[in-house]
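Take a look at the structure:
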């Protein structure tokens, strides 16, 4: 449990019981978990705080999983989405979800498999983020800003990337 | 003398008339003969006792007997439901004609031939009944086609319905899965439980998990079945795929003396098909073969897999020396939800899915089986 990186997870599913128990299990493992029960709620949560991985149900009333995913990525470009679907097949989910999710998993999902995917998604997020972040830091440094300007620019970057 | 002449002229006229009638009669007879020889329908004529006096060539084909074999026999002897047929004949006698639909005739080799039949009373000039004529159209193939269509339609409907149910069930199943997982974790941390109680609860939670997995397998298979996406084709070695599949299933036969061997004329056999779908088919046939051998209850068993390249097709044969499939069951084994395995062992989906897949890949499955000897499933698919 100690080797567990502090992964910030946003859970989105209208099946409240599922979210409740999945949250408990993830919290117990040391994840930071935000439970939401609709696409709208999840989008609002993403505006408030940064997350590494979102676990999104495909079929929800209101804003569905595909749309939620799209919005989440607009707000936080590096967030990785794992889409859960109880529906049809992974292929049909892929067809409907043009937005490239990190992974599609069929419900009921195997818990260990979900964990493995979340960790994988987290690694991918961190990796992408570091690449872009260091590139942009370099360009800020090359821009020859003063100490104050640089601090400000980097603070902005940190906000975009959700790095505390 | 004059009257003699008149008589002679009259005689000549009558003779001429007779000759022309004879020609007419001859023409009518050959016309009828032509009809009887060429009609594909079963056309028969009977005498007043309902015994056959004439039969069309088509009738010989429909019933499987030659004309000579049938003439003199009551027509009802060739019908499967003589009572209702006699009733039809009686209606015809009383009303001059009768129509029967779906009348089952019996072919020489025992099979049933369904005909739509139109009966007419044959009368002489005095209006007396001298027999009947029946024109019967063989609708067996048509009926079979119709039944198949209905079955296909029903199967598609079941598939859709089942997929809907599977989808709805997946959500509560996911909840059960998480809740039982959570209980397992709580037990792990709990203090103050007696070891016996702890074990009891742990076993119960494991069982809930196991049964959830079982449901999950069923719903996922069903959704696979109902999915109708086009196969994704790529080139791969079918011999390799068979080897991989056998390896994958090896744990199933590890502690038995069942031998699975692969016999391929070619070391490599490249096909352009859907690897994932074919793997599913192979797993299914080999698993079924293993079960068939185990069911026989003897110590040893043999599953023989062969591949044969055949012009533009590949044939993969799965031959086992298991219990075999009774003839009366053979037509049902590809039906959705049909299973002979005990509860929990079979879902009744495997063969239905396999058939669907092979069809999608442009191939077909051939079944040969004999109780007590074994079963051979042959999958034939196009190479490209």
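Residue numbers (the numbering used here), protein chains in the order written: chain A, 1 to 164; chain B, 165 to 548. For each residue, glycine too, the CB sits at the ideal point set by N, CA and C.
376, 380: these are the residues of the stretch 359-383 of chain B whose beta carbon lies less than 7 Å from some beta carbon of chain A, given in chain order. Beta-bridge analysis with DSSP links residue 425(B) to 468(B). Remark: C-beta atoms of residue 376(B) and residue 340(B) approach each other more closely than 8 Å. Residue 13(A) counts as buried, since no fewer than 16 other beta carbons sit within 10 angstroms of its beta carbon.
Each of 18(A), 107(A), 151(A) was checked against the Cα of residue 137(A), and the nearest Cα belongs to 151(A). By the Cβ criterion, the stretch 403-412 of chain B is not in contact with the stretch 527-536 of chain B, since fewer than three pairs of Cβ atoms, one from each stretch, lie closer than 8 Å. Taking 8 Å as the CB threshold, residue 161(A) stays off the interface with chain B.
Along the stretch 10-27 of chain A, going in chain order, the ones with a CB nearer than 7 Å to a CB of chain B are 15, 17, 18, 21, 22, 24, 25. Annotation for residue 34(A): the continuous beta strand (DSSP E) segment containing it runs 32-36. The beta carbon of residue 457(B) sits closer than 6 Å to those of 422, 465, 484, 486, all from its chain and outside the five residues before and after it, given in chain order.
Taking a Cβ-Cβ threshold of 8 Å, the residues of chain B close to residue 109(A) are 338, 341, in chain order.
Residues of chain B with a Cβ closer than 7 Å to the Cβ of residue 106(A) are, in chain order, 384. In the three-state DSSP reduction, residue 123(A) falls in the helix class (H, G or I).
Under a criterion of Cβ atoms nearer than 7 Å, no residue of chain A is adjacent to residue 323(B); the nearest Cβ is some 12 Å distant. Proximity of the stretch 361-379 of chain B to the stretch 430-440 of chain B falls short of the contact definition, fewer than three beta-carbon pairs being nearer than 8 Å.
Judged by DSSP in its simplified three-state form, residue 298(B) adopts strand. Below the 8 Å Cβ cutoff, chain A contributes no neighbours of residue 520(B), its closest Cβ being approximately 14 Å away. Separation of the CB atoms of residue 204(B) and residue 222(B) is rounded to 4 Å, and the pair is thereby assigned contact status at 8 Å. The three-state secondary structure of residue 101(A), taken from DSSP, is coil.
Beta-bridge annotation (DSSP): residue 208(B) is paired with 219(B), 298(B). By the neighbour-count definition (other C-beta atoms within 10 Å, threshold 16), residue 251(B) is an exposed residue.
The Cβ of residue 345(B) sits closer than 8 Å to at least one Cβ of chain A. Beta-bridge annotation (DSSP): residue 58(A) is not paired with any residue. One finds 25, 28 in chain A with Cβ atoms closer than 7 Å to the Cβ of residue 349(B), taken in chain order.
Listed in chain order, the non-local C-beta contacts of residue 527(B) below 6 Å within the same chain comprise 544, 545, local neighbours out to five positions each way being set aside. In the DSSP assignment, residue 249(B) falls within the unbroken alpha helix (DSSP H) covering 246-259.
Of the other Cβ atoms in all chains shown, fewer than 16 fall within 10 Å of the Cβ of residue 325(B); this residue is therefore exposed. For residue 148(A), the three-state secondary structure derived from DSSP is helix. Residues of the stretch 456-482 of chain B that bring their beta carbon within less than 9 Å of a beta carbon in chain A are absent altogether.
8 Å or more divides the Cβ of residue 480(B) from the Cβ of residue 539(B).
The Cβ atoms of residue 301(B) and residue 280(B) sit closer than 8 Å to each other.
Taking CB atoms only, residue 62(A) has no neighbour in chain B less than 8 Å away.
When the Cα atoms are used, residue 122(A) and residue 154(A) turn out to be separated by approximately 22 Å. Of the residues 327(B), 439(B), 440(B), 454(B), the one whose Cα lies closest to the Cα of residue 420(B) is 454(B). Taking C-beta atoms under 8 Å as the contact rule, residue 409(B) and residue 443(B) qualify, at a distance of about 6 Å.
The C-alpha of residue 474(B) is placed about 42 Å away from the C-alpha of residue 113(A).
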